Amino acid sequence: HEWHAWLRALPKAELHLHIEGTLEPEMMFELAGRNGIVLPYADVQAVRDAYQFTDLQSFLDLYYAGAGVLVTEQDFYDLTMAYLRHAQADGVVHAELMFDPQTHTQRGIALETVFAGLARALREARDTLGISSYLLLSFLRHLSEDEAFATLEAALPLREAYADLWIGIGLDSSERGNPPEKFARVYGRCAELGFRLVAHAGEEGPPAYVRSALDTLKVARIDHGVRSSEDPALLQDLIRRRVPLTVCPLSNLKLGVVHHLRNHNLAKLLRAGAVVTVNSDDPAYFGGYVLDNYIASADALDLSRDELVTLAANSLKASFLPPAEQAGLL
Ligand code: ADE
Ligand code: ZN
């Protein structure tokens, strides 16, 4: 398709991407092999066959288990470099990657190992692939706020060494029952420290969680946010305040947030004036990288070329790049 090449060539940023969610089954086996880990699957196909999710938690259970093969600095490097090559092939010029340190420190992996592997790949890709990037350290919301504070305290000594990359904080994992306000104090501290703030809200959780992420956590972007349209006053606020939503269509489909992409509200949100962006979330688990998300959405929702241009431009403008750098990429 001629327009796929056109879409690929549009400069875009990926703003909602969990690096642990880019672990393809092939790499899962490779890393398990070199780390002496026995997987509960016979082969790559068995892993793919297991990816039949009914909701967010059914995915998270396999996602956290899969991350268990990431042990050495080289593992984190290889994972990140493989993602960056996919991203470059999709026309991504800037990526803001979330990572879940608690998933690794809970298994006895040193925080420094995680940072070092991610950073080596990101810095190399800046030179060899021409992709700029930032890191968003994400707290797991099913754990306590005290554990988030402990993670922050453990990471702060590394801040200076990774100051070119680690610019922000995110909040992910099981949304229902873990409202944003549970993390009000740690987000307040992160704001004082000068970090940029995002949080998952309104993926499975109610619009009230989006309101709380905005007003209590004071986030600059909402990850997902698709349930915001259930509260018209909230949606109007998001539009008026130009708060970007990092929407992940194939993720929403695979986790049952929508039952068909035709029913996805991405186009309605965009046409209502919301700052919508398109992202892949956990591409190895949801069957598509960012370009696949653009193409599937365009097909299902009849997005026009102008709308696709707007989505790509939104992604750069909603990034945490300085405005002058955004302008250079647009
Ligand atoms: N962690 C990785 N992907 C996630 C998602 N879509 N929602 C919440 N937590 C996540
Ligand atoms: Zn996510």
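Using full-length UniProt numbering, the final residue of the sequence shown is 336, and nothing's skipped along the way.
Glycine residues also receive a C-beta, built at the ideal position from the N, C-alpha and C atoms.
The model shown is predicted, which means the values in this text are computed figures rather than measured ones.
| Query | Result |
| --- | --- |
| heavy atom of the ligand ZN below 7 Å from Asp178 C-beta | yes |
| Heavy atom of the ligand ZN within 7 Å of Asp287 beta-carbon | yes |
| Arg202, DSSP secondary structure in three states | strand |
| Span of the beta strand (DSSP E), counted from its first residue to its last, around Arg233 | That residue, Arg233, is in no beta strand (DSSP E); it is neither H nor E in DSSP. |
| Nearest neighbour of Pro255, chosen from Ile245, Val282, Leu241 and Asp237 [CA to CA] | Val282 |
| Nearest candidate by alpha-carbon position, reference Leu251, set Asp84, Gly208 and Gly334 | Gly208 |
| Whole-number beta carbon distance between Tyr300 and Leu13, since they are thought to touch under 8 Å | 6 Å |
| C-beta contact flag for Ala122 and Glu181 at 8 Å | no |
| N- and C-terminal bounds of the alpha helix (DSSP H) containing Glu210 | First-last for Glu210: undefined, no H or E at that position. |
| Residues of its chain near Gly27, where Cβ-Cβ distance is below 7 Å and the 5 sequence neighbours each way are ignored | Tyr69, Asp287, Asp288, Pro289, Ala290 and Tyr291 |
| For Leu314, the three-state DSSP class (helix, strand or coil) | helix |
| C-alpha distance - Phe65 paired with Asn285, whole-angstrom precision | 17 Å |
| CB contact flag (Ser144, Phe105, <8 Å) | yes |
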